[in-house]
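Notes follow the structure.
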Amino acid sequence: MTRAHYQFLADFINDYAQDLYLSPSEHVILATRAATVLVGTNPNFDAEKFYCAATKDLARDPQEPQEVA
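Per the numbering used here, the very first residue in the sequence shown carries number -9; after that it's consecutive.
Right, here's the structure in full:
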């Protein structure tokens, strides 16, 4: 897979979560599971960057540690 594929999937997950009004925890679970599954698809895949892109519209509390795949 290429960077464009990963970006498409991350954008899709982010938009999907917003469109369906998923709760923040559901959004995090979806993004984390996707990142976990994609880890072995390309040696250059960065799960942390993917997770951040897939949750870019998720409201973040600066006081809480961020969950990363």
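Ideal Cβ placement from N, Cα and C applies to all residues, glycine included.
Going by C-alpha distance, which of Ser13, Ala49, Leu20, Leu28 is nearest Met(-9)?
Ranked by Cα distance from Met(-9), the options Ser13, Ala49, Leu20, Leu28 are led by Leu28.
Exposed or buried, what is Ala0 when buried is set at 16 or more other beta-carbons lying within 10 Å of its beta-carbon?
Ala0 is classed as buried because its beta carbon has at least 16 other beta carbons within 10 Å across all chains shown.
Please go through the same chain and pick out, in chain order, the residues whose beta-carbon is closer than 7 Å to the beta-carbon of Thr31, but skip the five residues on each side of it.
Excluding residues within five positions, the ones whose Cβ falls inside 7 Å are Met(-9).
What separation, rounded to the nearest whole angstrom, lies between the Cα atoms of His71 and Lys39?
No answer is possible for residue 71: it lies beyond the span of the chain, which begins at -9 and ends at 59.
Mapping the DSSP letters down to three states, classify Phe40 as helix, strand or coil.
DSSP places Phe40 in helix when its eight states are reduced to three.
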